[in-house]
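Residue numbers (the numbering used here), protein chains in the order written: chain A, 1 to 690; chain B, 1001 to 1103; chain C, 2001 to 2171.
Think of the CB as a built atom: it goes at the ideal place given N, C-alpha and C, for glycine as much as any other residue.
Here's the structure we're looking at; comments come further down.
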Amino acid sequence: MQEAISVAPQLAVSPIAEILWLIPSVPIVAAGLSALLKQSRRQTSATLAIGSLSFSLLLSLFAFVHVLSDWMAGIATREIVNFTWIQFGTSNVDLGWVLDPLSAIMLVMVSFVGLLIFIYSIGYMKHDENYTRFFCFMSLFAGAMLGVVIANSLLLLFMCWEIVGLTSYLLIGFWYQRPAAAAAAKKAFLTTRIGDVFFLLGIVWLFAQTGTLLLYNNGAGSIESASLHLLLSQPALLGLTAAGAIGLLIFAGAAGKSGQFPLHVWLPDAMEGPTPVSALIHAATMVAAGVYLIARVYPLMQAGALAGGTTTALTVVTWVGAFTAVFAALIAVAQNDIKRILAYSTVSQLGYMMAGLGMGGVAVGIFHLITHAFFKALLFLGAGSVIHGCHEEQNVRRMGGLKSDMPLTFLTYAIGMLALCGFPLLFSGFWSKDGILEAARHWSVAKAPFYMLVFGALLTAFYMTRQVAYVFFGHWRGGKLAHESPAVMTAPLAVLAFFAMALGFIGTPAWPWFRAFLDGRAAGFAWRGFMESGLLTLMGTSTVMVLAGIILAWQLYGDRSPKPTAPDALEKIAPVAWGWLSSKFYVDEFYGVTVIAFYSWWARVTDWLDSRVWGGVVAGVAWAFGMGARLNRFLDTNVVDGGFDKGCEELTVGGGLLSRVQTGRVQTYLRILALAVVALAAILIWSSRT
Amino acid sequence: MTPLTGYLLVAALLFSIGLAGALTRRNAILVLIGIELMLNAANLNLIAFWRYGPHPEALTGMMFAIFSIAVAAAEAAVGLGLVIQIHRHAKTTDLDQMNRMKG
Amino acid sequence: MSIVFYLLAAITVAGGLAAMLLKNTVHCALALTVAFAGLALLFLNLDAQFAGFAQILIYIGAVAILVVFAILLTRASETPKDGVFSKTWLAGLAVAAAVFAVLGWAVMQSVRVLPHETAVPEVTVQQIGVALVGRYVLPLEIVAVLLTAALIGAVIVAMHEKVGHEKEEGK
């Protein structure tokens, strides 16, 4: 372990970087104030939440503009502010924040999408009695997420990571009186906890090896070249270096938070929470935190890669991501709850992001993250609008024909759906997903992920079309008639829809601004970008896949509205496959039989140990004490008291006997006297004999 | 057997008879009579020792006996007065029945 | 040991025995008188004339009469129905026998110490009188006080009962 390092003096840091810490702090303070409010002060809590997040958005925009202007001037920004938090002996624990293109973009995305969702929640949660509590938790979440984004220290990142997990638990279980919600919250917390344990192990190992938890520290940070050299020289097990092993551990934490297989089981259940929660946390931001983490420690993940090659850590990330993408998409095909379809879709898209990070680098993965945040939030908020309009109905089989009843929702939802599918050219999803497919095509290790991801695109189009057909086309199959949502809910939808379309243009091959911005290079507009070998073919392939998926789904589901109880069209064709898909490949049941069964058995064993063995020991000791007490009492009553009483009785009897001498008759006394005289005389005479 | 021995034996016998009567008779008066006999036996002892002792001219034995007689008379008077008192109170002189001082 | 001694001893012992054994209490008193007389004669035999006459005067003349008075006043002259001897008379007899045994043994044991024959003392009444107010004046005075006390005591004992009786009868 290195010697304790002191925090080196920083280079000139811009004023916005100095006050960057306000961005997460203000919403957290707002959450604290909100916690003190009574439940009746709804206006105040909403104002606090929205006001604080608006302030954070403003500062984030300032930061972004600053970084942008630096970029345009050709400077690669990375401004760091570190400070010592705890000092013990000669070593320090340092915290700090960083302002670079990655964090700037993430700040803007999180605060902007968050703000839109907050505004939406005013309308969605209007009838809920725990309004104040909702906004308190949402503010806390927003603050913690912003903290994750700007953290320069793995410790600070982990702390904010945990707060994010906590607020996720609180918000999933917002309607805690419902047992399903409480169980889902617990499941989410426990599953992500498993990932977090590995994450913590990784952090500790990194600290042990490099002596610091700061990421960047003027060359002394834990992912800067000096530390990476050190880590690469340390072997771990199975042919990995320390760098690779730590990278894998950190990925385990990210896999938990971002719902990669096999830790994905909590995300669909997390739909028990209110829809704004699903939109903000489980679509746009928290689940993206895992992807962001990998992007943040990318130098570590990439350490030791030869030019053009890759590392073990990144390979693992890619395979897990690709598998998850296909796995979740398959399950989404057979779900009937509007939010669950979107949840599995999120899991699938997160797989895409991870695969993109693994194969193409930070820019590829993060671009998809940004675009996904917008259109997934849009889809979730749209779903919320649908649910609200259908009077809290969530089963797609009981909806239908809503394109005429809820036109604005339909329009924005359609835009979101096309963006998710990756409909060519106009929609951001196309460009970001193609970026990933491009990287997959060029991957040196294997071609399989590419084919998996392409198949995934087909599935994505298929299940989204199925959902839209069930919800918006055909005829209404529900109870009361549906109505459009109020403007406070539809306005954010419109804004998000705009961005779902517009954002694509910052990452096209002709103008790769996004990648250039993140890498700190200049970017110019050039049609030549499309002329790269095989790029047009790729774009054509993905277009074909999307159209194929849409047409296939339309054939099966379009404009028809089967009764809610009738079997699904796909089910009629392939019932066995349908069974597997709709049961989510029995993963939950598998866990129930293995992990949870083992855990219950273990709990029973320890309980038995506790009650029988330790409890037995305690009971034994207590019994021994009881016996001792009883012996004591026995001794006391019988021996001591009894002896004493017996003694006194004997004394009384003896006294009684003795008192018989006192007959009260004179002649008796005389006789005794005479006898005594006789005796004395005899003795006297006998002793004086000579 | 010297004369002294004879007198002493007679005195011892008389003493024992008096004691026997005092210890066995029921009537209180007879107990007093027994006591008088015992006192008289002691007197006889004294006079016998005065007569056959070393210094009869000192009159010690005689004086002792005379004083003894005087005291015995006083004692008999008081004792019999008490017996009469007891008889008035308990209506009896039976000693076997007088055990109210028993323990 | 002369025959007179044996005769007088026999009279005295017989009188004593009779005094203790007779059923009628008055007969016992009279037997006691005989015993006193025998003792007086024994005193005379021992050349203690003054003691002998004092014995007759005081014992026979006063004590015996006193006993008879007491017997008559307490109606002890009637023979009681339960018997005259105590229920545990054997124990008393045994004790008396033990006493006699010890005394006799003491007497027989110590005979060798004393001389056999001594001269007859010449005792006159004048000598006794002189001794009484000379050497033995203190015992004399004490006996006088004793007699006075006994006199007063006897009177008070007898008188109290009368006053108490009258008081009770007056209520």
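Asked	Found
Could you check the C-alpha separation between residue 182 of chain A and residue 176 of chain A for me, to the nearest Å?	5 angstroms
Are the C-beta of residue 640 of chain A and some C-beta of chain B separated by less than 9 angstroms?	no
What does residue 1101 of chain B reach in chain C if we use C-beta pairs closer than 9 angstroms?	Ordered by position in chain C, no residue passes the 9 angstroms Cβ test against residue 1101 of chain B, which lies about 17 angstroms from the chain.
Residues of chain A with CB under 7 angstroms from residue 2102 of chain C, in chain order?	678, 681 and 682
Using a C-beta cutoff of 9 angstroms, does residue 1063 of chain B count as contacting chain C?	yes
Quick one: which chain C residues come within Cβ less than 8 angstroms of residue 1071 of chain B?	2143 and 2146
For residue 674 of chain A, return the contacting residues in chain B, with the cut-off set at a CB-CB distance below 8 angstroms.	1019 and 1023
What is the DSSP secondary structure of residue 235 of chain A, counted as helix, strand or coil?	strand
Let me know the secondary structure DSSP gives residue 125 of chain A once reduced to three states.	coil
Taking the alpha-carbon of residue 100 of chain A as reference, which of A:87, A:318 and A:60 has the nearest alpha-carbon?	A:60
Reducing DSSP to helix, strand and coil, say where residue 632 of chain A ends up.	helix
List the whole-angstrom C-beta distance separating residue 406 of chain A from residue 470 of chain A, where the pair is believed to meet the contact cut-off of C-beta under 8 angstroms.	That belief does not hold up - the Cβ atoms of residue 406 of chain A and residue 470 of chain A are roughly 14 angstroms apart, past 8 angstroms.
Determine the direct distance from the alpha carbon of residue 1040 of chain B to that of residue 2055 of chain C, and round the result to whole angstroms.	9 angstroms
Could you name the residues of chain C that residue 1010 of chain B contacts, counting a contact when the two beta carbons are closer than 8 angstroms?	2009, 2012, 2013 and 2042
Can you name the residues of chain E whose CB is closer than 7 angstroms to the CB of residue 2092 of chain C?	Looking for chain E here will not work: the only protein chains present are A, B and C.
Are the C-beta of residue 1083 of chain B and some C-beta of chain A separated by less than 9 angstroms?	no
Using a C-beta to C-beta distance shorter than 7 angstroms, which residues of chain B count as neighbours of residue 671 of chain A?	1023
Would you say the region 547 to 561 of chain A touches the region 468 to 483 of chain A, given that touching needs at least three Cβ pairs under 8 angstroms?	yes
Closest Cβ-Cβ distance between residue 1078 of chain B and chain A: below 9 angstroms?	no
Check residue 2154 of chain C in the structure and name its three-state DSSP category.	helix
When the cut-off is 9 angstroms and only beta carbons count, does residue 689 of chain A lie next to chain C?	yes
Run through the DSSP bridge pairs and tell me what residue 468 of chain A is partnered with.	Per DSSP, none; premise fails for residue 468 of chain A.
Ignoring anything shorter than 3 residues or poking outside the region 24 to 102 of chain A, list the beta strand (DSSP E) runs there in chain order.	79 to 88 and 91 to 99
Would you mind working out which of A:390, A:541, A:130 and A:214 sits nearest residue 37 of chain A, comparing C-alpha positions?	A:130
With DSSP as the reference, label residue 153 of chain A as helix, strand or coil.	strand
Quick one: what does DSSP say residue 427 of chain A is sitting in, helix, strand or coil?	coil
Using a beta-carbon distance below 9 angstroms, is residue 2099 of chain C in contact with chain A?	yes
Is the region 245 to 257 of chain A in contact with the region 283 to 298 of chain A, if contact means three or more CB pairs nearer than 8 angstroms?	yes
Consider the Cβ of residue 2171 of chain C: report whether some Cβ of chain B lies at a distance smaller than 9 angstroms.	Unreliable placement is indicated for residue 2171 of chain C, whose pLDDT of 44 sits below 50; the coordinate value is still reported in the next sentence. Output row for residue 2171 of chain C: interface = no.
Check the DSSP bridge columns for residue 214 of chain A and list the partner residues they point to.	A:153
Just how far apart, CA to CA, sit residue 344 of chain A and residue 267 of chain A?	8 angstroms
Does DSSP put residue 241 of chain A in a helix, a strand or coil?	strand
Where do the ends of the alpha helix (DSSP H) carrying residue 555 of chain A lie?	535 to 557
How is residue 133 of chain A classed by DSSP in three states: helix, strand or coil?	helix
Under 8 angstroms Cβ-Cβ, which residues of chain A neighbour residue 1098 of chain B?	664, 665 and 666
Which chain A residues are close to residue 2095 of chain C, counting only those with a beta carbon under 8 angstroms from its beta carbon?	671, 674, 675 and 678
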